[in-house]
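Asker: This is the structure, below, for whatever I ask next.
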Amino acid sequence: MKKLLLSSLIACSLTSPVMAEDANMTAHQAFKTTLSDVQDQFYRSLRVEEWIDMGLAAGDFAATVTKLSTGKEGLVDLKNHDRPGYWTYEFTQIAKKAELNATATNNAQDYDRASVSYLVASYPNLQRPNELYALEKAVDLYVKATNLHGIEVLKVEMKRKDGRSVPGLLHIPKQKKAQAPAIMWSGGVDKTLIEHRKSITPLLNKGYVVLTFDMPGAGLDYRNYVEIGNERASHDAAFSFLSNNKLVDSNRIGVLGSSGVGPALMDFALNQDQLKAIVARCTLVDGPIGNPETLKFIPKMSADSFIARIGGDIGDMEYFRAIAPKLSLENKGLFDGKTRIETPLLAINTKKDPIAMPEDVEKTAALSTKGEVYISDEYGHCPDAAEADEKIINFLLEKV
């Protein structure tokens, strides 16, 4: 759906006036250059076109937004009580209807529609019970949809050294064979393990096993959080799981991480010399965690989500200022120009991103003797261009 039509649908759905917050829009504009015309009225980043691409019905979104209790001031969706008029409740109702239809048709696209509807209901998953319920449903229906699409996917549990578990989804190529190469793939603070199917399909088509999982504190890994001094715990569990899986060649494992998973990804990558390749995609390594003053360029939703991922309460900026700087690679003394590893490392991002500016990308690549930098001809958080996607896939295919 074209952006103009989508924006019109959303705009028409708002039934009462909302007083937009200037600071909210300033942050959203710095974060992403392509925004809905009504983003200024929403706390959540409206990734509607992405959701539609995954299977959400545009009409479902527009119809549901009409039911939100906008109030007289503030943002449409800032509060999220578990009752009519609030984001998760209303999107869960539309998801339940979509699920009933999918059960009746047993059609992959219908299961996609139901899964993404539940995913939107859970978004951005600040660990409220109703959000977690919606997320669990989204994942279960994703598994059904993906298998119906002809891609074998298994829900797995990976054990950490501390005895805790990490949920993941093991995607197995159609031409499966013993000893296949494998890629560990994770998103950031609000992009879950079921949102990568389009990105990982080229790898599956080449015979690679792909394990998607969430950063600690996010998605299905909500029972854990990013701990100072043990940031890599969930990544270690994922690597161990793949290394001991009979489908996988333990000598051919690579990893990709995006955005807020940066501290966990890099702690893992710098301490696992058996990796064949590392992709640090728009990864948070310093920026707003090293300099909290730059948070004005980060949407409140994203800041709240990150606080939850590091074990804090939503909106607790004192906790953020106490903990987040300890996760900065700059503050850890790792950006001193010295190389730490010999693993091929691709650091990739856009020209201007408040999460990871080009200098952070360059410093990340410099950690490896085989580091590469790729700056996509885009602005905003994380590269979306086809050229950037191709660069990532080709790098992994070449190195792993």
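Residue numbering for the sequence shown follows the working numbering, beginning at 6 and increasing consecutively.
Glycine included, each C-beta is placed from N, C-alpha and C at the ideal position.
As the structure is a prediction and not an experimental result, all values here were calculated from the model.
Indicate whether S255 and M220 have their beta-carbon atoms separated by less than 8 angstroms.
Answerer: Sequence index remark: in the sequence shown, residue 255 carries index 250 (1-based). Sequence index remark: in the sequence shown, residue 220 carries index 215 (1-based). Result no, Cβ atoms of S255 and M220 do not sit closer than 8 angstroms.
Asker: With DSSP run on the structure shown, which of helix, strand or coil describes S170?
Answerer: By 1-based counting over the sequence shown, the position of residue 170 is 165. Strand.
Asker: When you compare each of A107, P178, K181 to D145 by their alpha carbons, which one comes out closest?
Answerer: Numbered from its first residue, the sequence shown carries residue 145 at position 140. For the residues A107, P178, K181, the minimum Cα distance to D145 belongs to A107.
Asker: State the DSSP-derived secondary structure class of E298, mapped to helix, strand or coil.
Answerer: Along the sequence shown, read from residue 1 onward, the residue named residue 298 stands at position 293. Helix at E298.
Asker: Quick one, are the C-beta atoms of Y227 and G316 less than 8 angstroms apart?
Answerer: The residue given as residue 227 occupies position 222 in the sequence shown. The residue given as residue 316 occupies position 311 in the sequence shown. The answer is no: Cβ separation not under 8 angstroms.
Asker: When the Cα of V260 is compared with those of K251, P268, F273, which residue comes out closest?
Answerer: The residue given as residue 260 occupies position 255 in the sequence shown. Here the closest residue by C-alpha is F273.
Asker: Relative to the C-alpha of R345, which residue among Q277, S248, P89 is closest?
Answerer: Start at 1 with the first residue of the sequence shown, and residue 345 comes out as number 340. Comparing Cα positions, the closest option is Q277.
Asker: Out of D87, Y147, K102, which has the shortest C-alpha to C-alpha gap to Q114?
Answerer: The residue you call residue 114 lines up with position 109 of the sequence shown. Nearest C-alpha to Q114: Y147.
Asker: Which partner residues does F218 have in the DSSP bridge list?
Answerer: For the purposes of this step, residue 218 is taken as residue 213 along the sequence shown, with counting starting at 1. Per DSSP, G173, S191.
Asker: Is it true that the stretch 349-361 meets the stretch 370-387, where meeting means three or more beta-carbon pairs spaced less than 8 angstroms apart?
Answerer: yes
Asker: So I205 and V194 are in contact, right, with Cβ under 8 angstroms, and what is the actual spacing, rounded?
Answerer: As a working note, residue 205 is residue 200 in the sequence shown. As a working note, residue 194 is residue 189 in the sequence shown. 20 angstroms between Cβ atoms; not a contact.
Asker: Would you mind listing the beta strand (DSSP E) stretches within the stretch 252-305 that are 3+ residues and don't spill past its ends, in chain order?
Answerer: 253-263, 282-286
Asker: Determine, using beta-carbon pairs with one atom in the stretch 52-61 and one in the stretch 318-332, whether at least three such pairs fall under 8 angstroms.
Answerer: no
Asker: Is DSSP giving L51 helix, strand or coil here?
Answerer: One-based indexing of the sequence shown puts residue 51 at position 46. Coil, per DSSP.
Asker: In angstroms with no decimal places, state the Cα-to-Cα distance between T93 and L137.
Answerer: Within the sequence shown, numbered from 1, the residue matching residue 93 stands at position 88. Within the sequence shown, numbered from 1, the residue matching residue 137 stands at position 132. Cα-Cα distance, rounded: 10 angstroms.
Asker: Bridge partners of Y379, per DSSP?
Answerer: As a working mapping, residue 379 is identified with position 374 in the sequence shown. In the DSSP assignment, Y379 is bridged to I353.
Asker: Got a sec? Which residues, its chain only, sit under 6 angstroms from S74 by beta carbon, not counting five neighbours each side?
Answerer: Numbered from 1 along the sequence shown, position 69 holds the residue referred to as residue 74. Taken in chain order, the residues that qualify are G90.
Asker: Is Y123 near A109, with beta carbons less than 8 angstroms apart?
Answerer: Taking the sequence shown and counting its residues from 1, the one referred to as residue 123 is at position 118. Taking the sequence shown and counting its residues from 1, the one referred to as residue 109 is at position 104. No, the Cβ-Cβ distance between Y123 and A109 is not below 8 angstroms.
Asker: Go through its chain and collect everything with a Cβ distance to A119's Cβ below 7 angstroms, but skip five positions before and after it.
Answerer: For the purposes of this step, residue 119 is identified with residue 114 of the sequence shown, where counting begins at 1. When the five nearest sequence neighbours on each side are left out, the beta carbons in the same chain lying within less than 7 angstroms of the beta carbon of A119 are those of A100, A103, E104, A107, L146, in order along the chain.
Asker: Among L131, F47, N135, G79, which residue has its Cα nearest to the Cα of D87?
Answerer: In the sequence shown, residue 87 corresponds to position 82, counting from 1. When each option's Cα is compared against that of D87, the closest is N135.
Asker: Please determine, among G212, P363, E367, L350, the residue with the shortest C-alpha to C-alpha distance to K4.
Answerer: With the chain running from 6 to 405 in the structure shown, residue 4 is simply not present.
Asker: Given a cut-off of 8 angstroms, decide if L280 and I303 are closer than it, judged by their beta-carbon atoms.
Answerer: Along the sequence shown, read from residue 1 onward, the residue named residue 303 stands at position 298. Along the sequence shown, read from residue 1 onward, the residue named residue 280 stands at position 275. Taking 8 angstroms as the Cβ cut-off, I303 and L280 do not qualify as a contacting pair.
Asker: Return the CA-CA distance between P129 and P293, expressed in angstroms with no decimal places.
Answerer: Numbered from 1 along the sequence shown, position 124 holds the residue referred to as residue 129. Numbered from 1 along the sequence shown, position 288 holds the residue referred to as residue 293. Their Cα atoms are separated by approximately 19 angstroms.
Asker: So what's L73 in DSSP terms, helix, strand or just coil?
Answerer: Locating residue 73 in the sequence shown gives position 68, where the first residue counts as 1. In the three-state DSSP reduction, L73 falls in the coil class, being neither helix nor strand.
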